[in-house]
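Engineer:
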Amino acid sequence: MKRVIQFATTLLTFSIALGAEAPVPSGPQLTDPLATPQATALYRNLHRVAREGILFGHQDTLAYGVGWKATESTFDSDVHRVCGKFPAVFGWDIGHIGDAANIDGVPFESMKLWIAKGYARGGIHTISWHARVPGSRESSWTRKEVVKRLLPEGDLHDIYRAELDRVAAFFVDLKGPNGEPVPIIFRPFHEHTGDWFWWGAKWCTPDEYKRLWHFTADYLRKTKNLHHLLLCYSPDRFKDRSAYLERYPGDDYVDILGHDNYGALRSIATQAEAKRALETVVTLAEERNKVAALTETGVSAAAPANATWWTDVLLEVLKSSPTTKKLAWVLVWRNADARQNFAPFPDSPGVENFKTFERDPITLFLEDLPRMYADQNH
Ligand code: BMA
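Under this note's numbering, residues 680 to 1057 are what the sequence shown spells out, in order.
Here it is in structure tokens:
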């Protein structure tokens, strides 16, 4: 059984022994000056936990798995079915917000309940947004110039604001046992270094991308008064530091420096590229006193060829240097069905290997987490 991390209180003890006043916590600061106490605590704790371990995350894990669908009263996951623990990070998506169910058929009302339950058990939630072209039914994968039309001078601006009103209404409903807002790591406009989404690099200028990000963050925080959001930026594969930063919205608008990378983690052959990319992300985050994460990755869990991927590729890359070890979490994508699945499920080829991955001291699951929403300085 893996030990649950306890935060060191050495600094506090030391200062008290010297007769000094308790130190003012000088941890990393969220970009939202009005962030809720739980969001603030989560950010500081992520920063600290990242020094000791890497959290495991899975998209839609509580909603369904290969061959089953959850009900509102269940708390289940393919990950739990195979290793007896839940992911520490729960990924969700609000694509199709405004409809009854999201882009992948998850009812928004159920999602709210599962988010509340995951939080009550100490888990962490991250939400991506496979947004349709605002005002239409065209999917995220629409290759055309939309971003500039959403900006304040654009013809779709009012429609975009109305869309953000729906997003805000959903976020407002995410409440903990005492009515407190559940902190959410919001990860909009991801993989924008590619050209497959309408917010991708080919369809807007860096300035337009950054302005969309700024408008979105300011609208949710200042106009809608939401202060439980941690903002996560997550480019897809990139060449170097300057490519990663080309569309970076700025240190005042990003809390977590993320990275989505499937290609370089497909096999051990591209380990060097994966390592280099993750080292760049961690280094950029450290320079800014921010948190770094591998926000999406994975290979087909049903494929026998990937049976030892968890230790031989993923763990190998995550542990490839003292820098990569400082990632806060890694999230694998959803277990949609027998064809699309990224986490192991009962009887899939990688089950034994995943158990070894889980037992490694560096990986942290829900049951291994310290209290992420309590300020450990007090
Ligand atoms: C993609 C696939 C799709 C899904 C989308 C949003 O990568 O998993 O099946 O609809 O993400 O979750």
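Just so you know, even glycine gets a beta-carbon here, dropped at the ideal spot from N, CA and C. All figures in this text were calculated on a predicted structure; none of them were measured in a lab.
Between Val1009 and Gly736, which are expected to be in contact by the criterion C-beta below 8 Å, what is the C-beta distance as a whole number of angstroms?
Structural biologist: Mapped onto the sequence shown, residue 1009 falls at position 330. Mapped onto the sequence shown, residue 736 falls at position 57. At roughly 7 Å, the Cβ-Cβ gap stays under 8 Å, so Val1009 and Gly736 are in contact.
Engineer: Thinking C-alpha only, which one of Ala964, Glu952, Ala1017, Val996 is nearest Ala980?
Structural biologist: Locating residue 980 in the sequence shown gives position 301, counting from the first residue. Minimum Cα distance to Ala980 is reached at Ala1017.
Engineer: Is it buried or exposed, Asn857, if we count other Cβ atoms within 10 angstroms and call 16 or more buried?
Structural biologist: Taking the first residue of the sequence shown as 1, we reach residue 857 at position 178. Classified as exposed, Asn857 has fewer than 16 neighbouring CB atoms from the shown chains inside 10 Å of its CB.
Engineer: Whose C-alpha, out of Ser913, Leu713, Asn781, Thr719, is nearest the C-alpha of Gly706?
Structural biologist: Position 27 of the sequence shown, counted from the start, is the residue given in the question as residue 706. Considering only alpha carbons, the answer is Thr719.
Engineer: Count Cβ pairs between the stretch 798 to 807 and the stretch 847 to 866 that sit closer than 8 Å; are there 3 or more?
Structural biologist: yes
Engineer: Tell me the DSSP secondary structure of Gln950 in three-state form.
Structural biologist: As a first step, residue 950 is located in the sequence shown; it is residue number 271 there, counting from the start. Residue state, collapsed to three classes: helix.
Engineer: Which residues in the same chain have their Cβ closer than 6 Å to the Cβ of Arg920, if we skip the five residues on either side of it in sequence?
Structural biologist: Working through the sequence shown from its first residue, we reach residue 920 at position 241. Taken in chain order, the residues that qualify are Thr959.
Engineer: Just the Cα atoms here: how many angstroms apart are Asp783 and Ser789?
Structural biologist: Locating residue 783 in the sequence shown gives position 104, counting from the first residue. Locating residue 789 in the sequence shown gives position 110, counting from the first residue. Using only the alpha carbons, I get a separation of about 13 Å.
Engineer: Taking 7 Å as the line, does the beta carbon of Arg822 fall inside it for any heavy atom of the ligand BMA?
Structural biologist: Here residue 822 refers to the residue found at position 143 when the sequence shown is read from its first residue. No, Cβ of Arg822 sits at least 7 Å from all heavy atoms of the ligand BMA.
Engineer: For Asp739, name the three-state secondary structure that DSSP assigns.
Structural biologist: Start at 1 with the first residue of the sequence shown, and residue 739 comes out as number 60. Asp739: coil per DSSP, three-state reduction.
Engineer: Pull the bridge partners of Thr805 from the DSSP assignment, please.
Structural biologist: In the sequence shown, the residue the question calls residue 805 occupies position 126. Gly770, Ile864, per the DSSP bridge assignment.
Engineer: Secondary structure at Ala964, three-state DSSP: helix, strand or coil?
Structural biologist: For the purposes of this step, residue 964 is identified with residue 285 of the sequence shown, where counting begins at 1. Looking at Ala964 - three-state DSSP - the assignment turns out to be helix.
Engineer: Mind checking whether the beta-carbon of Gln708 lies closer than 7 Å to any heavy atom of the ligand BMA?
Structural biologist: Counting from 1 along the sequence shown, the entry for residue 708 is found at position 29. Every heavy atom of the ligand BMA is 7 Å or more from the Cβ of Gln708, so no.
Engineer: What does the Cβ neighbour count give for Asn1058, buried or exposed, with the cut at 16 atoms within 10 Å?
Structural biologist: Summary: the structure shown does not reach residue 1058, with the chain confined to residues 680 through 1057, and so no result is reported for it.
Engineer: From Lys717 to Arg723, what does the alpha carbon distance come to, in whole angstroms?
Structural biologist: Along the sequence shown, one-based indexing puts residue 717 at 38. Along the sequence shown, one-based indexing puts residue 723 at 44. Residue identity differs from the one stated: residue 717 is Gln in this sequence, not Lys. For Gln717 and Arg723, the distance between alpha carbons rounds to 10 Å.
Engineer: Does the ligand BMA have even one heavy atom less than 7 Å from the beta-carbon of Ala1022?
Structural biologist: Position 343 of the sequence shown holds residue 1022. False, no ligand heavy atom lies under 7 Å from that Cβ.
Engineer: Shortest alpha-carbon distance to Leu843 belongs to which of Asp931, Gly1029, Arg900, Ala922?
Structural biologist: Start at 1 with the first residue of the sequence shown, and residue 843 comes out as number 164. Nearest option by C-alpha distance: Arg900.
Engineer: When DSSP labels each residue in this structure, what does His869 get in the three-state scheme?
Structural biologist: As a working mapping, residue 869 is identified with position 190 in the sequence shown. Looking at His869 - three-state DSSP - the assignment turns out to be coil, as it is neither helix nor strand.
Engineer: In whole angstroms, what is the alpha-carbon distance linking Val1087 and Leu734?
Structural biologist: Here the chain comprises residues numbered 680 to 1057, so residue 1087 is not present and cannot be evaluated.
Engineer: If I measure Cβ to Cβ from Thr949 and keep anything under 6 Å in the same chain, skipping five residues before and after, which residues do I get?
Structural biologist: For the purposes of this step, residue 949 is identified with residue 270 of the sequence shown, where counting begins at 1. For Thr949, where only same-chain residues beyond five positions count, the Cβ hits under 6 Å are Ala943.
Engineer: Which word fits Ala837, buried or exposed, when buried means at least 16 other C-beta atoms lie within 10 angstroms of its C-beta?
Structural biologist: Mapped onto the sequence shown, residue 837 falls at position 158. Here residue 837 is Asp; the residue named in the question, Ala, does not match the sequence. Under this definition Asp837 is an exposed residue.
Engineer: In chain order, what are the residue ranges of uninterrupted beta strand (DSSP E) at least 3 long that sit wholly in the stretch 770 to 796?
Structural biologist: Every candidate beta strand (DSSP E) stretch fails here, since none sits fully inside the stretch 770 to 796 while reaching 3 residues.
Engineer: Is there contact here, the stretch 1039 to 1050 with the stretch 771 to 786, by at least three beta-carbon pairs under 8 Å?
Structural biologist: No contact exists between the stretch 1039 to 1050 and the stretch 771 to 786.
Engineer: Using three-state DSSP, classify Glu925 as helix, strand or coil.
Structural biologist: In the sequence shown, residue 925 corresponds to position 246, counting from 1. Coil at Glu925, not helix or strand.
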